[in-house]
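Using our numbering, the first residue of the sequence shown is number 2, and each one after it goes up by one.
One structure is given here, and the rest of the page talks about it.
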Amino acid sequence: MNLFSENKSEQAIYLVYEGDKNDNRIPYLNEIGTKKLKGDGDFRSKECIELLKQADIVVTNPPFSLFREYVAQLIEYDKKFVIVGHQNAISYKEIFKLIKENKLWLGYGFKGGAGHFINQHYEDYATATDRKEGMIRVSGVHWFTNLEINKRHEDLILYKTYNEEEYPKYDNYDAIEVSKTKDIPADYTGAMGVPITFLDKYNPEQFEIISSNDIRINENIPFKEHGLIKDKDGTINGKPTYVRIVIKNKRL
Ligand SMILES: C[S@@+](CC[C@H](N)C(=O)[O-])C[C@H]1O[C@@H](n2cnc3c(N)ncnc32)[C@H](O)[C@@H]1O
């Protein structure tokens, strides 16, 4: 039985675990039923969708290349989920839209945005450094979830005050640049561009995420489907910045 095949087999299997039977609280092979699927186990196939419909919570590590499609399916079937995804997925327009609408957020775990996975076959799927026998480190990964968690209700403690020198404005957007999440000024009422890593600390009661399209001050700047400050349009005095999420403090 190979759980890490590359999805090339004609017929896949699925496992059924219905709880502990021998009172040792560890799922053992003889407590896990192996059943055959008719097809190759593609999550988009009819029989896999039937299994999905039975799920209360989906916990998995979907292929990064199909992340958009995988999330779209979970949302379509109104599932609770905790799944692993790459940090880059945050700026996909489909994913960022869900984050903005508070339908998806970042969960706990993966300290420093790095996951350590124990499996010799993983090198096929992930960019990895620090490989040791049977272990790889995948950087820039997060848990993406729609389960209620405490982190989402905890305020970020803000200690800085706004001043023009430290927080310059973008050339094309009416927002100030905050290059580190911890430096968000406590007293700024307008729009602020913050790093993607802000999302790890995002409490929707404290901040709202707004679209960069709403704060454009240069009409030559094209409308952005994702609503982030990004690429050559996100300059400050002609100098590009990194990708920025635009937020406003809701408590002011
Ligand atoms: C990153 S691995 C995760 C493996 C395992 N679920 C885990 O969490 O350890 C992604 C897995 O998705 C499988 N996969 C790729 N395309 C798929 C598809 N269309 N439908 C279902 N599984 C797919 C790959 O074969 C691979 O095993």
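Beta carbons are placed, not taken as given, at the ideal position from N, Cα and C, and that holds for glycine.
From a predicted model like this one, the values you see are computed outputs, not experimental measurements.
Does the distance between the C-beta of residue i and the nearest non-hydrogen atom of ligand 1 fall short of 7 Å?
i, result
"GLY40", "no"
"LEU99", "no"
"LEU53", "no"
"LEU16", "no"
"ARG45", "yes"
"ASN23", "no"
"THR61", "yes"
"LEU67", "yes"
"PRO64", "yes"
Tell me the residue span of the alpha helix (DSSP H) that contains residue i.
i, result
"ARG245", "That residue, ARG245, is in no alpha helix (DSSP H); its beta strand (DSSP E) goes 245-250."
"TYR71", "68-77"
"LYS98", "94-101"
"ILE50", "47-55"
I need the boundaries of the beta strand (DSSP E) containing residue i, first residue and last residue.
i, result
"ILE222", "Looking at the DSSP string, ILE222 is not in any beta strand (DSSP E), and its letter there is neither H nor E."
"ILE58", "58-61"
"LEU16", "14-18"
"GLU166", "Careful: GLU166 lies outside any beta strand (DSSP E) and carries neither H nor E."
"PRO64", "Segment: none, PRO64 is in no beta strand (DSSP E) and carries neither H nor E."
"LYS36", "33-37"
Can residue i and residue j be called in contact, C-beta distance under 8 Å?
i, j, result
"LYS249", "ALA192", "yes"
"ILE33", "VAL17", "yes"
"LYS47", "ILE14", "no"
Measure the beta-carbon distance from residue i to residue j and round it to whole angstroms, keeping in mind my assumption that it falls under 8 Å.
i, j, result
"GLY108", "ILE76", "Actually they do not touch by this definition, with Cβ atoms about 16 Å apart."
Mark residue i as exposed unless 16 or more other C-beta atoms lie within 10 angstroms of its C-beta, in which case mark it buried.
i, result
"LEU253", "exposed"
"GLU178", "buried"
"ASN147", "buried"
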